[in-house]
Amino acid sequence: QAGKSSRNKQAKLVLLGDQGVGKSSIALRFVRGEFHENHEATIGAAFLTQTVNVGQGSIKLDIWDTAGQERYHSLAPMYYRGAAAAVVVYDINNANTFTRALAWVKELRQQTTNSVLIVLAGNKADLASEHRAVPVEEGRSFAEENGLVFAEVSAKTGMAVQEVFMTIVILKLSSL
Ligand code: GDP
Numbered sequence: 018q019a020g021k022s023s024r025n026k027q028a029k030l031v032l033l034g035d036q037g038v039g040k041s042s043i044a045l046r047f048v049r050g051e052f053h054e055n056h057e058a059t060i061g062a063a064f065l066t067q068t069v070n071v072g073q074g075s076i077k078l079d080i081w082d083t084a085g086q087e088r089y090h091s092l093a094p095m096y097y098r099g100a101a102a103a104v105v106v107y108d109i110n111n112a113n114t115f116t117r118a119l120a121w122v123k124e125l126r127q128q129t130t131n132s133v134l135i136v137l138a139g140n141k142a143d144l145a146s147e148h149r150a151v152p153v154e155e156g157r158s159f160a161e162e163n164g165l166v167f168a169e170v171s172a173k174t175g176m177a178v179q180e181v182f183m184t185i186v187i188l189k190l191s192s193l
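To convert a position in the sequence shown, counted from 1, into the UniProt record's numbering, add 17.
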């Protein structure tokens, strides 16, 4: 969604992925710099905004945090259509959530134009040393083969969360 003036732009972002992978926590970390150990499940979808200053201008990011439960799946197109970018999240400690993330990528490829930037984000990297189930190479090579931006992140420690959103801003800026 293009903003009207060249200086103050707006972009819609959507977070997708299984329930419990940390979508809400990633959004909360980015927007408020907070983390909650027992975060309540998102019902339907939640909405957060964050304005990022870039050079002389700014971009207002409208972040849609969708519910991961299968019963809300049919609502997802409302959120990813017209999005500048989609962040598909999995939990690196849970292989099943990686499989589900790949299905989300496939759906996005089929249902949206190529202009939607897709980020594959492996969350809960802080637990990797003891609980890792998805090798980092697996995420990275899938991303490379499918033209996605890839990062392992931790909403808990904040690792790479800011970078994911800044990468989106930088890559999308010229086309907004
Ligand atoms: P969502 O359903 O995908 O939105 O997931 P939530 O954001 O509600 O997170 C689910 C649970 O995982 C919560 O108890 C969070 O505190 C926890 N969590 C989220 N991100 C991380 C992380 O990076 N590291 C760890 N250790 N726990 C996390």
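Glycine included, each C-beta is placed from N, C-alpha and C at the ideal position.
DSSP-derived helix/strand/coil call for residue i
| i | result |
| --- | --- |
| Gln27 | strand |
| residue 11 | Since the first residue shown for the chain is 18 and the last is 193, residue 11 is missing from the structure and cannot be characterised. |
| Lys123 | helix |
| Ala19 | Only weak support is given to the placement of Ala19: the predicted model assigns it a pLDDT of 49, under 50, and the value that follows is read from those uncertain coordinates. The answer is coil: DSSP assigns Ala19 none of H, G, I, E or B. |
| Phe52 | coil |
| Glu57 | coil |
| Gly156 | helix |
| Asn70 | strand |
| Ala172 | coil |
| Arg45 | Note that residue 45 is Leu in the sequence shown, not Arg. Of the three classes helix, strand and coil, the one that applies to Leu45 here is helix, per DSSP. |
Boundaries (first-last residue) of the alpha helix (DSSP H) holding residue i
| i | result |
| --- | --- |
| Gly34 | No alpha helix (DSSP H) contains Gly34, which DSSP labels as neither H nor E. |
| Gln179 | Val178 to Leu190 |
| Ala145 | Ala145 to His148 |
Residue from the options whose Cα sits closest to the Cα of residue i
| i | options | result |
| --- | --- | --- |
| Leu137 | Lys29, Glu162, Ala150 and Val105 | Val105 |
| Lys141 | Glu154, Leu134, Val48 and Thr114 | Thr114 |
| Phe47 | Val133, Pro152, Ser191 and Ala177 | Ala177 |
| Gly156 | Asp108, Lys29, Ser191 and Lys189 | Asp108 |
| Asn55 | Gly39, Ile187, Asn70 and Glu124 | Gly39 |
| Lys189 | Val69, Ser42, Gly34 and Glu154 | Val69 |
| Leu92 | Ala160, Ala120, Ala101 and Ile60 | Ile60 |
| Thr130 | Ser146, Glu161 and Pro94 | Pro94 |
| Arg98 | Val153, Asn163, Gln128 and Gly175 | Gln128 |
| His148 | Ala120, Glu180, Asn110 and Val170 | Asn110 |
| Arg126 | Gly50, Ala160 and Glu180 | Ala160 |
Boundaries (first-last residue) of the beta strand (DSSP E) holding residue i
| i | result |
| --- | --- |
| Lys77 | Gly74 to Thr83 |
| Tyr97 | No beta strand (DSSP E) contains Tyr97, which is instead part of the alpha helix (DSSP H) from Ala93 to Tyr97. |
| Leu137 | Leu134 to Asn140 |
| Ala103 | Ala102 to Asp108 |
Near the ligand GDP: residue i beta-carbon under 7 Å from a heavy atom
| i | result |
| --- | --- |
| Ala58 | yes |
| Gln179 | no |
| Gly164 | no |
| Asn140 | yes |
| Asn113 | no |
| Gly34 | yes |
| Asp79 | no |
| Ala120 | no |
| His148 | no |
Chain-order list of residues whose beta-carbon lies under 8 Å from that of residue i (same chain, five-residue window excluded)
| i | result |
| --- | --- |
| Ala44 | Leu32, Ala63, Leu65, Ile80 and Asp82 |
| Gln36 | Ala58, Ala84, Gly85 and Gln86 |
| Ala112 | Ala150 and Val151 |
| Leu134 | Ala101, Ala102, Ala103, Val166, Ile185, Leu188 and Lys189 |
Beta-carbon proximity list for residue i, same chain, < 7 Å, skipping 5 on both sides
| i | result |
| --- | --- |
| Tyr96 | Val31, Ala62, Trp81 and Thr83 |
Contact set for residue i: own chain, Cβ-Cβ below 6 Å, skip 5 residues either direction
| i | result |
| --- | --- |
| Lys173 | Phe52 and Asp143 |
8 Å Cβ cutoff, residue i in contact with chain B
| i | result |
| --- | --- |
| Val106 | The chain labelled as chain B is not found in the depicted structure, where only one protein chain is given. |
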